[in-house]
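In mature numbering (1 follows the signal peptide of the UniProt record, and there is no 0), the protein residues as written are -23 to -1, 1 to 484. Please read the structure below before turning to the comments.
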């Protein structure tokens, strides 16, 4: 199940460098052909008349400055700044051109999930089976795409079984049928040898974001360090890490190789006795049976005998013995908006398909449902493409005006507006905007989603206004600028600073 995977021996410093949280794929510059604007959205060719009290010249000049810089770097830029209340376009540049949005695609996933599933939606994970005295011949572990499920959540399930009188279990059966068996999201195969957690696969039952973490804690000098692998139960550790005297250099060797449907972790090297705990985390290759092995380890620790093995199946079993429900969707979305978690995005993406089109949920089904949603709210135009839920790699396309239309619709939808706004990063305060917009942080007026790929920078969200003034929505996409992403961010920030000054003038 983990065929072909190998995490080669390396110094721990190099292993940790592999865990970078951004994709390093080259992203082609999108075509610069303008698509005609749908009749139900404002035109970006000639910005509509803004509110009389707002000075928009500095915003447009900041846009033109960024566009000139990006052109010099060989890239392209699209911008739209729109009044939430009136729909008027305040300032724009190539706002109908479709760009790779990078992680701004998570705005689409979040809005669609809130609208289609509801802020209160919870993901259930259950144990099913027929109870025969104190024995369950086949215990089925079934999930509904909970992105937040971790190994610790298995313990309450085990305690529920004990309370119900279960003392023996035959086989453990993992039902992954809520999703299809394509556990690698669209476009993720562009970097098949990338083992960092940001590229984790998806599955209906998933533990610890479908990653494995190896932790090494130094012991006393001359003795073996303690090695732990989470989740439990599916990795066999071979070898040892020696503890050396204080001040010695650290050297940790790790090799993960497949062994049937399990993994073997071969470890070696040494750590000084005063060393910090070293943790190395990587994605799984095939995650489908991992929750079953972890459940087996937990059940045995809880005093339940497990006689059989772990396998896939169980779709027909209906009797619920124990269950776990996630926090509400509205709370989970902070992992998308503030922290840009790709795994959460792809799990929620497929869950939309499973809920709206029936199991198994597929990426293609999610794309179809979400595209229909974009059309319904007037946030779709020629060139918009939805393929995955995270925006990772070269998959999605959207225009600045389609994005601002989405943001405007979300803000005006009373059933989801507060949750949608709350999941976004606050400029200068938290998430991926913690280090940006520091001068505006006291007011907390910039709420936005960032996006970064090797040659892509994006920023879309809201500039909140003073009392009595509606916010502005904005979307800025820059593509085709390898090595210049940091410089592009500076130009983006100057556009938003100008918009904030205009909106807050005289306050």
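Built from N, CA and C at the ideal position, the CB exists for glycine as well. It should be emphasised that the depicted structure is a prediction, and the values quoted were computed from it without experimental measurement.
Check	Outcome
Buried or exposed by the 16-neighbour rule on C-beta atoms within 10 Å, applied to residue 75	buried
Endpoints, the beta strand (DSSP E) within which residue 268 is located	It is not in any beta strand (DSSP E) - residue 268 instead sits in the alpha helix (DSSP H) that spans 267 to 278.
Same chain, Cβ closer than 8 Å to residue 41, five either side skipped, listed in chain order	70
C-alpha distance - residue 52 paired with residue 146, whole-angstrom precision	60 Å
Contacting residues, own chain, Cβ-Cβ under 8 Å from residue 38 (five flanking each side not counted)	475
Contact set for residue 59: own chain, Cβ-Cβ below 6 Å, skip 5 residues either direction	66, 381 and 450
Beta-carbon proximity check, residue 157 vs residue 119, cutoff 7 Å	no
Under 7 Å between C-beta atoms of residue 477 and residue 434	no
Counted within 10 angstroms of its Cβ, other Cβ atoms place residue 218 as buried (16 or more) or exposed	buried
Alpha carbon of residue 109 to alpha carbon of residue 140, nearest angstrom	15 Å
Sequence-distant residues of its chain with Cβ nearer than 8 Å to residue 411 (five each side left out)	402 and 405
Continuous beta strand (DSSP E) assignments of at least 3 residues falling wholly in the region 389 to 458	423 to 430, 433 to 440 and 449 to 456
Neighbourhood of residue 374 by C-beta, 7 Å cutoff - its chain only, sequence neighbours within 5 removed	7, 75, 76, 77, 360, 361 and 362
CB of residue 169 within 7 Å of CB of residue 188, strictly	no
Reference residue 301; option with closest CA among 283, 182 and 73	182
Residue 191 versus residue 369 - alpha carbon distance	26 Å
Residue burial classification, residue 199 (beta-carbon count within 10 angstroms, cutoff 16)	exposed
Cut-off 8 Å between Cβ atoms - residues of its own chain near residue 99, not counting five sequence neighbours on either side	302, 303, 304, 305 and 306
Alpha-carbon spacing of residue 31 relative to residue 408, whole angstroms	30 Å
C-alpha gap between residue 276 and residue 105, whole angstroms	14 Å
Burial state of residue 236, where buried means 16 or more other Cβ atoms lie within 10 Å	exposed
CA-to-CA distance, residue 282 to residue 137, given in whole angstroms	15 Å
Nearest to residue 285 (by Cα), restricted to the options 279, 273 and 295	273
Element boundaries [alpha helix (DSSP H), containing residue 133]	131 to 140
Cutoff 8 Å; reference residue 97; Cβ partners in own chain excluding five residues on either side	305, 306 and 307
Nearest to residue 165 (by Cα), restricted to the options 172, 210 and 176	176
Beta-carbon proximity check, residue 432 vs residue 459, cutoff 7 Å	yes
Bounding residues of the beta strand (DSSP E) (the contiguous stretch that carries residue 235)	228 to 236
Check whether residue 376 and residue 92 have beta carbons under 7 Å apart	no
Where the alpha helix (DSSP H) containing residue 303 begins and where it ends	Residue 303 -> no alpha helix (DSSP H), and no H or E assigned at all.
For residue -3, the three-state DSSP class (helix, strand or coil)	Note on residue -3: pLDDT 34, under 50, position unreliable in the model; no value is reported.
CB of residue 54 within 7 Å of CB of residue 455, strictly	yes
Bounding residues of the beta strand (DSSP E) (the contiguous stretch that carries residue 256)	255 to 260
When 112, 117, 330 and 250 are compared against residue 222, the one with the closest alpha-carbon	250
Three-state secondary structure (DSSP) of residue 35	helix
Span of the alpha helix (DSSP H), counted from its first residue to its last, around residue 376	First-last for residue 376: undefined, no H or E at that position.
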